[in-house]
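If you read the sequence shown in the UniProt record's numbering, its first letter stands for residue 1, the second for the next number, and so on.
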Amino acid sequence: MADTQTTHAPATPPVIRREDYQPPLWLVDHIRLEFDLDAHATRVKARLSVTRAGRHDRPLRLDGDGLVPLSVAVDGKALSPADWRLDDDVLVIALPGNAHEVETEVQIAPATNTQLMGLYASGGLLCTQCEPEGFRRITFFPDRPDVLSRYDVTMRADKATYPVLLANGDPVEQGELPDGRHWARWVDPYPKPSYLFAMVAGDLACNADSFTTMSGRAVRLGIWVREEDLPRTSHAMTALKNSMAWDERVYGREYDLDVFNIVAVSDFNFGAMENKGLNIFNSRYVLADPETATDPDYDAIESVVAHEYFHNWSGDRVTCRDWFQLSLKEGFTVYRDQCFSADMGSAAVKRIEDVRTLRAAQFQEDAGPLAHPVRPESYMEISNFYTATVYNKGAELIRMIALLLGPERFRQGTDLYFERHDGQAVTCEDFVKAMEDGGGIDLGQFRLWYSQAGTPRLTVRQRYDPASGSLSITLRQTVPPTPGQPEKAPMAIPVKFALFDPATGEHGGEELVVLTRDQLEMRREGFAQAPVLSLNRGFAAPVIVEAEQSAQDLAFLAARDDDPFSRYEAMQQLMINGLLAHISGAPLESDVIIDSIRRTITDPTLDRSFVAEAVRLPSEAYLGDQMQVVDPDAIHAARERLMTGIGEALESEWRALHAECARNGFSLSADARAARKLRGVALSYLVASGAPDGAALAFGQFDRADNMTERQAALAILVNRETPERDQALAAFYRRYAGNALVVDKWFQTQALAFHPDTVEIVQALAGHADFTLANPNRARALYSAFAANQWAFNRADGKGYRMVADAIIALDKLNPQTAARLVPPLGRWRRFDGARGAMMRAELERIAATPGLSRDVLEQATKSLA
Ligand code: ARG
Ligand code: ZN
């Protein structure tokens with residue numbers, strides 16, 4: 001009856017709910033895997049030692065995804081096809097006893113696996129990605145994180161094509177086979193869930209090193225890359241050794257196997273993966289040298305290497321019971337990597353960067369149709385929940401717990417958590433309970449941070465009474481409604497503040513209060529003049545503060561606040577207030593801003609890296625977030641105008657800074673890196689000033705740079721301008737780096753991020769470039785994710801930007817649903833724009849949702865975005 005070719009909306013995929021969790025009916029104590037590897041036809045034999053969990057008579061159900069069993073055997077006897085069935089993709093076998101050996105054999109084709117989940121081919125390698133549900137694309141298995149098994153893995157492959165064979169755990173045996181093949185066997189002694197399984201086969205070179213743990217065990221470290229990339233692995237190796245030492249020092253956690261390997265692959269759906277003993281990385285988070293990587297690239301490598309390494313304890317030794325608990329490992333591990341990076345460099349600047357990321361990604365998510373709690377209640381496709389909320393807001397929750405406990409009790413809490421739950425698959429609740437028991441605190445109300453979505457708003461009212469010299473402060477919180485959560489209870493919000501005496505520039509000590517009700521009133525005495533309030537110091541709570549501070553108070557804090565985050569924040573708020581007033585029709589008041597910037601760039605006591613952060617204008621997107629209805633054109637015009645004004649007013653200062661921050665000879669020292677960053681900011685203001693030599697200066701920096709940081713910074717400035725230097729620089733950059741995929745990504749990305757009236761057409765043309773492919777996630781993101789983040793270009797009034805991204809989503813979905821789904825949220829922001837733009841965005845979402853054969857990934861994101 002129904003014609004499958006008609007355009008009716010596809011059936012809605014089933015919804016998985018947290019409250020429906022049931023423990024597994026069968027456990028797998030041990031699994032023996034044998035791979036006969038071949039890019040087009042890999043045979044996978046699996047032998048599972050299964051045991052019935054509890055008393056029940058239900059059959060064994062093994063997840064599969066696109067698998068057809070070639071054979072099924074139980075306790076050594078082949079089953080006839082009547083003794084098993086496929087229920088959708090699930091292999092169902094009725095078993096008589098309580099313990100059996102179940103064997104299956106399947107054939108898979110890594111070379112045609114464009115989803116990059118399961119076993120796939122990348123640049124001549126064979127590699128795996130299993131989190132969250134990729135293992136079922138390799139073999140039949142209860143593919144859920146609460147089934148922990150010991151793995152014994154044998155790989156056989158052609159020795160010339162795949163000379164290196166790696167898997168989890170420790171290597172135990174290897175040997176030669178006829179016909180130029182060879183084999184290797186790896187055994188992982190630690191029981192683990194299937195999502196942590198990994199294997200790699202390929203022609204790889206190794207940067208080998210070693211680390212001696214605190215108990216004196218020597219661990220062999222290896223970073224495996226293509227031969228020609230070996231010289232770019234030293235930074236990642238240093239980061240790895242620093243991470244291992246840091247986790248011992250700060251958390252008392254030691255590494256637990258004889259080897260730890262990292263493999264870089266060029267086709268990867270996200271950043272990296274913490275497979276036990278065999279981390280697999282997107283090559284962009286491994287490879288760096290000064291010629292091809294920027295300073296932020298170096299930082300990202302350090303933090304991702306640390307993140308994946310830290311998962312060995314917060315993720316692998318203690319894992320998640322189910323995917324609703326994802327933040328158990330991700331929020332905690334992001335917090336751990338943030339603290340590590342803070343310790344390796346400038347803690348102040350790291351906090352500023354982390355807050356900027358949180359606001360850009362998570363606050364937007366929390367304010368839109370895809371808002372969900374840190375511990376979600378339901379999903380259609382779990383891959384859609386690897387979000388800024390689960391990761392970055394999750395990290396803020398751990399940070400608040402650490403603040404409430406203080407360092408010693410926080411450590412007692414984490415010690416108890418690791419000890420109590422080692423080898424288990426647990427919940428966020430288990431984590432919170434361990435912090436309560438180990439740290440001696442009641443986190444009752446705090447738990448709402450895990451269950452309530454939406455960014456709390458904190459409004460502040462101050463009244464100073466000159467007669468009594470007292471200040472009363474009223475804090476009020478509101479938590480906005482989010483999908484499925486119309487009403488919210490008040491949260492426990494830690495607020496750090498200080499009151500500055502404007503005469504002395506000093507404050508009487510920082511205070512921490514916890515707001516637990518709708519409203520809190522405080523009175524502080526003894527002020528001869530109205531004090532200046534420095535609030536949410538260190539960004540202690542992930543909230544939006546509405547404080548209505550005068551430009552004078554903000555300028556004071558921008559010059560005097562001893563909390564670097566709050567000092568930065570005051571400067572940004574000064575700029576935001578000026579820009580928003582101008583956008584709503586007032587003349588642009590830039591004098592206070594310019595004075596504050598002048599004071600900041602000429603203050604010799606300040607770290608230059610901090611200065612660069614503080615004097616940079618807020619992004620167009622962040623300005624949009626402050627408006628009822630985002631007006632991308634007005635924001636762009638106002639911001640450019642202020643940029644020009646600051647450039648002109650301080651032209652000689654920028655010129656001096658640009659010259660002063662130049663260095664002879666490259667160095668990665670903190671001072672050299674800070675100088676490069678500030679030099680980039682100075683150049684951007686100098687060019688914005690309209691100085692006649694601006695483009696030439698930028699081109700000079702581009703051309704003479706001995707490092708990617710300065711070269712790329714100059715290119716990013718030139719792409720915004722209609723000058724011959726723009727095209728010259730783009731052409732030179734491409735010629736110089738053609739063939740280096742990671743740098744060619746930068747070439748695409750820089751153009752997609754450009755403030756240029758024709759960015760839509762430029763991106764359209766780049767999609768037809770010989771080097772462009774949707775099949776490589778880095779390349780697809782370099783063009784389309786960057787473009788969708790370019791507020792002015794993506795939201796161009798003719799709607800062409802929306803259409804182009806929707807077309808890309810539909811095309812990419814056929815290859816790689818996970819990566820396609822990540823492009824949907826920008827279109828879901830339609831409520832934030834005017835009616836005409838909103839209608840066009842909605843129309844694109846509807847067109848996507850109505851596409852026949854759409855993946856569950858994109859369908860969930862598109863339908864939820866329309867709701
Ligand atoms: N666990 C990995 C990490 O954070 C990321 C896995 C992401 N998986 C996904 N389907 N998005 O380090
Ligand atoms: Zn992670």
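Note that CB positions come from ideal geometry on N, CA and C, so glycine has one too. As the structure is a computational prediction, the values presented were derived from the model and not from experiment.
If I follow the unbroken beta strand (DSSP E) through P494, where does it start and stop? Its beta strand (DSSP E) spans residues I493 to D501.
Tell me which residues share the same chain as L520 and place their Cβ nearer than 6 Å to its Cβ, disregarding the 5 neighbours each side in the sequence. Here the set comprises L475.
Residue interval of the alpha helix (DSSP H) (run including V305): Counted as a single uninterrupted DSSP element, the alpha helix (DSSP H) harbouring V305 occupies residues D295 to F310.
Assuming the contact rule is C-beta atoms closer than 8 Å, Q477 and D518 should be a hit. Round their C-beta distance to whole Å, please. Taking 8 Å as the upper bound for CB-CB distance, Q477 and D518 are in contact here, some 6 Å apart.
Proximity test, H235 beta-carbon vs the ligand ARG heavy atom, cut-off 7 Å: Flag unset: Cβ of H235 not near the ligand ARG.
For Q5, which of helix, strand or coil comes out of DSSP? Any answer about Q5 is weak, because its pLDDT of 40 lies below 50 and its placement is not dependable; what the coordinates show is given next. Reduced to three states, the DSSP call for Q5 is coil.
Alpha carbon to alpha carbon, how far is Y120 from P296? Y120 and P296: Cα-Cα distance of roughly 30 Å.
Taking only three categories from DSSP, how would you classify S234? Judged by DSSP in its simplified three-state form, S234 adopts helix.
Beta-carbon proximity check, residue 888 vs T516, cutoff 8 Å: Outside the modelled stretch of the chain, which goes from 1 to 867, sits residue 888, for which no answer is possible.
Under the three-state DSSP convention, the category N778 falls into: Helix, per DSSP.
Are the segment 254-267 and the segment 670-681 touching by the rule of at least three beta carbon pairs closer than 8 Å? The segment 254-267 makes no contact with the segment 670-681: fewer than 3 CB pairs, one atom from each, lie closer than 8 Å.
Which class does W323 belong to by DSSP, given the choice of helix, strand or coil? For W323, the secondary structure class from DSSP, reduced to helix, strand or coil, is helix.
Just how far apart, CA to CA, sit T4 and T114? In this prediction, T4 has a pLDDT of 38, which is less than 50 and means its spatial position is unreliable; what the coordinates show is noted afterwards. If you draw a straight line from the Cα of T4 to the Cα of T114, it is about 25 Å long.
Report the rounded CA-to-CA distance for L623 versus V92, giving the unit in angstroms. Going by the C-alpha atoms only, they are around 54 Å apart.
Tell me the residue span of the beta strand (DSSP E) that contains K175. Note that residue 175 corresponds to Gly in the displayed sequence, not to Lys. According to the DSSP assignment, G175 belongs to the beta strand (DSSP E) that extends over D170 to E176.
Supposed contact pair L588 and G645 - C-beta distance, whole angstroms, cut 8 Å: The beta-carbon separation of G645 and L588, rounded to 7 Å, stays under the 8 Å limit for a contact.
N207 and L230 - do their beta-carbons sit closer together than 8 Å? Less than 8 Å separates the beta-carbon of L230 from that of N207.
Contacts around A862, its chain only, beta-carbon distance under 7 Å, and the 5 residues preceding and following it disregarded: Counting only Cβ-Cβ distances below 7 Å, and skipping sequence neighbours, we find V824, L845, I848 and A849.
G202 - partner residues in DSSP beta bridges: V164, per the DSSP bridge assignment.
Who pairs with L328 in a beta bridge, going by DSSP? Bridge partners of L328: none, in fact.
For a minimum of 3 consecutive residues, which ranges assigned as the beta strand (DSSP E) are wholly contained in the UniProt domain "Aminopeptidase N-like N-terminal" (88-196)? Within the UniProt domain "Aminopeptidase N-like N-terminal" (88-196), the complete beta strand (DSSP E) runs of at least 3 residues fall at 90-93, 99-108, 118-122, 125-129, 149-158, 164-167, 170-176 and 181-192.
Cβ of T104 within 8 Å of Cβ of T139? Result yes, Cβ atoms of T104 and T139 sit closer than 8 Å.
Using the three-state DSSP reduction, which class does A279 fall into: helix, strand or coil? Here residue 279 is Asn; the residue named in the question, Ala, does not match the sequence. N279 falls in the strand class under three-state DSSP.
What are the start and end residues of each continuous alpha helix (DSSP H) run of 4 or more residues lying completely inside the segment 529-585, in chain order? Unbroken alpha helix (DSSP H) runs of no fewer than 4 residues, entirely contained in the segment 529-585, are found at 551-560 and 564-583, following chain order.
Kindly indicate which residue of V611, A371 and L668 has the alpha-carbon position closest to the one of A293. Of V611, A371 and L668, the residue nearest in Cα terms is L668.
Take D671 as the anchor and find which of V611, D143, A547 and G315 has the nearest alpha-carbon. Of V611, D143, A547 and G315, the residue nearest in Cα terms is V611.
What does a CB cutoff of less than 8 Å around V495 pick up in its chain, not counting 5 residues either side in sequence? For V495, same chain residues with a beta-carbon under 8 Å away, outside a window of 5 residues either side, are L458, L475, L512, V513, V514, L515, L535, N536, A540 and A541 in chain order.
If you draw a straight line from the alpha carbon of P13 to that of M380, how long is it in whole angstroms? Answer to the nearest angstrom: the Cα atoms are 6 Å apart.
Is it the case that the CB of S383 approaches a heavy atom of the ligand ARG more closely than 7 Å? Yes, the Cβ of S383 comes within 7 Å of a heavy atom of the ligand ARG.
Cβ neighbour criterion (16 or more within 10 Å) applied to P81: Flag for P81 reads exposed.
Three or more C-beta pairs under 8 Å: does that hold for the segment 311-321 against the segment 423-437? The segment 311-321 and the segment 423-437 touch, with no fewer than 3 CB-CB distances between them shorter than 8 Å.
Between the CA atoms of Q549 and D857 - distance to the nearest angstrom: Distance between the alpha carbons of D857 and Q549: 44 Å.
If I follow the unbroken beta strand (DSSP E) through K45, where does it start and stop? Residues T42 to R52.
Roughly how many angstroms lie between the CA atoms of A752 and D633, to the nearest whole one? Their backbone Cα atoms lie some 17 Å apart in a straight line.
Enumerate in chain order the residues of its own chain whose CB-to-CB distance from residue 899 is below 6 Å, with the five nearest sequence positions on each side excluded. Residue 899 falls outside the range modelled here, since the chain spans only 1 to 867, and no answer is possible.
Verify the contact flag: Q818, CB atom, against every heavy atom of the ligand ARG, threshold strictly below 7 Å. It does: the Cβ of Q818 is within 7 Å (strictly closer) of some heavy atom of the ligand ARG.
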